[in-house]
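I have placed the structure first, in the form of structure tokens, so that the comments after it can refer back to it.
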Amino acid sequence: MPVAQWIPILVTACVMTVTSAGCSAGLSRPSPTPDFAVAAKAQPVTAPGFVNRFSALVQQSGPAVVNISSIPKKQVTNAESLWPPAASEHDPFLQFFRQFSPNSLPDAGATPRNVGSGFIVRPDGYILTDARLVADAKEVNVKLTDRREFKASVVGIDQPSGIALLKIDAHGLPTVKIGNPSDMKSGQWVVAIGAPYGFENTVTAGIVSNTARLLPQETYIPLIQTDVTATTGDEGAPLFNLTGEAIGITLVAPSPEGVLEGISFAVPIDAAMRIEQQLLLHRRAEHGHLGVTIQDVTWPLAQSFRLKKPVGALISSIDRNGPAARSGLRSGDIILRLNGTDINDSSQLPVAVADLRPGTSAHIQYWRDHGPHEAVVVLGAMRDTTPASTGPDAATSPGGRSNSSGYGHFKFPHLTTVG
């Protein structure tokens with residue numbers, strides 16, 4: 005072939021090669037210097053230290069986590085099986101489990117059980133868990149990570165806080181380290197060890213979404229909100245920080261809509277341990293009752309009341325026969341201090357009151373008519389059956405319960421009843 009006919013072929017070959025290397029030594033040209041910064045090639049993100057931290061946490065704290073099953077006193081007919089969740093007979097997922105794991109599916113004639121988790125707080129067999137898991141149970145069984153099983157006795161149940169204390173006949177058991185929930189901040193990592201749908205010792209992780217979410221339909225205690233998935237079987241599961249300290253007890257509220265994706269809650273461990281002390285000593289917990297419904301003080305409200313900043317808890321309604329009313333408090337008052345402690349946010353007041361015993365004289369400083377006032381309130385006793393109520397109609401709803409919009413049984417309240 006003539007040389008002239010080869011030239012287009014060579015040029016085409018040059019274009020198809022990597023331009024930085026050139027077609028040949030004779031055809032290569034120096035690359036012009038770009039007038040902008042070129043980022044270095046990103047390296048694969050690896051975090052072996054971070055992953056090892058999770059593994060170390062599970063190795064350290066996992067042995068203190070237990071699996072709990074309870075048999076309710078009232079047997080429910082046609083009860084749904086724990087696993088698989090709500091599947092039809094023709095569901096391919098259900099068929100898969102029957103084919104490859106036939107023994108994992110519950111027998112239709114088996115005794116219905118509630119399944120959840122808990123954790124050991126004392127080496128002589130005391131265990132904290134969710135009150136719903138063991139309330140009205142005729143039998144409670146506990147399985148340790150070493151596969152030993154025990155029948156447990158219920159030491160005490162505190163419905164307002166949602167905490168229960170169990171006891172098994174064992175000694176020298178591993179216990180969880182108790183952390184400080186107030187040190188947690190939104191965005192920090194947390195780990196939970198539970199038993200979703202009965203799959204024991206399941207480890208999940210997520211981040212803290214909010215450190216004080218008040219859901220009065222569930223408990224008077226401001227809860228830790230996370231994005232850790234919590235579902236049936238995770239009741240009572242411990243929530244750990246990355247140093248392996250327990251900072252909360254997982255709360256799973258019943259919801260007709262199913263699992264709340266990307267959102268779960270935990271009772272802070274410091275509040276739970278205060279309840280544990282009362283249950284241990286008295287087999288029951290007592291909580292003070294004020295008899296008011298409160299709400300946050302917003303900037304517009306603060307300005308209308310001539311407060312310098314939005315602090316305190318605004319009384320939106322009051323029980324006419326309750327302790328607060330008997331002491332002269334009324335709707336429209338803003339509670340600023342309780343026994344010398346500032347109430348900067350309304351969520352502080354329910355916990356502060358509930359931590360006091362009935363009959364205690366509480367010194368309250370409040371704001372009325374653009375000025376401070378004081379009162380002494382002799383607290384009543386909180387009723388177990390009605391831990392709190394929420395919503396704009398709290399004062400007028402039948403039976404003292406409130407109406408509020410929300411998702412399932414998790415309510416997103418505007419108002420909170422104290423006690």
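In our numbering, the protein residues as written are 5 to 423. The beta carbon of each residue, even a glycine, is placed where N, CA and C say it ideally should be.
Close-in-space but distant-in-sequence residues of the same chain around residue i (CB under 7 Å, 5 per side omitted)
i, result
"Gly332", "Ala379"
"Pro402", "For Pro402, the predicted model reports a pLDDT of 29, less than 50, meaning its position is unreliable and no value from the coordinates is stated."
"Gly295", "Ile322, Asp323, Gly326, Pro327, Ala328, Ala329, Gly384 and Gly423"
"Trp303", "Pro314"
"Gly176", "Pro127"
"Thr364", "Gly292 and Leu383"
"Asp231", "Gly210, Ile211, Ser213, Gly266 and Ile267"
"Leu61", "Val195, Phe244, Leu246 and Gly248"
"Ser351", "Ala216, Leu218 and Pro226"
"Leu148", "Val70"
"Asn343", "Ala366 and His367"
Simplified DSSP state of residue i, which is helix, strand or coil
i, result
"His374", "coil"
"Thr420", "strand"
"Arg117", "coil"
"Ala139", "coil"
"Pro164", "coil"
"Asn71", "strand"
"Gly395", "The pLDDT assigned to Gly395 is 32, lower than 50, so where the model puts this residue is not dependable, and the model offers no usable value."
"Ile368", "strand"
"Gly66", "helix"
"Ile267", "coil"
"Ala289", "coil"
"Pro76", "strand"
Strand pairing of residue i, partner residues [DSSP]
i, result
"Arg126", "Tyr130"
"Gln299", "Leu318"
"Gly252", "Leu243 and Pro272"
"Leu170", "Ile131 and Val158"
"Thr345", "Leu342"
"Ala356", "Looking at the DSSP assignment, Ala356 forms no beta bridge with any residue, so it has no partner."
"Glu153", "Lys147"
"Ile182", "Ala250"
"Ala379", "Ile368"
"Ala385", "Gly292"
Beta-carbon proximity list for residue i, same chain, < 6 Å, skipping 5 on both sides
i, result
"Arg217", "Leu227 and Gln229"
"Asp162", "Ile279 and Ala289"
"His374", "Arg310"
"Val144", "Ser74, Val138 and Ala156"
"Val146", "Val70, Ile72, Phe154, Ala156 and Ile172"
Cut-off 8 Å between Cβ atoms - residues of its own chain near residue i, not counting five sequence neighbours on either side
i, result
"Ile347", "Val315, Gly316, Ala317, Ile339, Leu340, Arg341, Leu353 and Ala356"
"Ala1", "An answer regarding residue 1 cannot be provided, because it is not within the stretch 5 to 423 covered by the chain."
"Lys77", "Asp140, Ala141 and Lys142"
"Arg287", "Val159 and Gly160"
"Arg57", "Leu246"
"Tyr130", "Ile124, Val159, Leu169, Leu170, Lys171, Glu280 and Leu284"
"Gln135", "Checking the sequence shown, residue 135 turns out to be Ala, not Gln. Closer than 8 Å at the Cβ level, and outside the excluded window around Ala135, lie Ile161, Asp162, Gln163, Ser165, Gly166, Ile167 and Ala168."
"Pro178", "Pro67, Ala68, Ile124 and Pro127"
"Ala306", "Lys312, Lys313, Pro314 and Val315"
"Ala250", "Ser65, Phe123, Val180, Lys181, Ile182, Gly183, Pro242, Leu243, Phe244 and Ile273"
Min CB distance residue i to chain C below 7 Å
i, result
"Ser165", "Chain labels in this structure do not include chain C; a single protein chain is all it has."
What runs of the beta strand (DSSP E), each 3 residues or longer, lie entirely inside the region 196-236? 206-217 and 227-230
Contact the region 181-189 vs the region 144-161: 3+ CB pairs below 8 Å: no
Can at least three beta-carbon pairs, one atom from the region 235-255 and one from the region 265-283, be found at a separation below 8 Å? yes
Closer than 8 Å is the cut-off here; do at least three beta carbon pairs connect the region 330-350 with the region 364-374? yes
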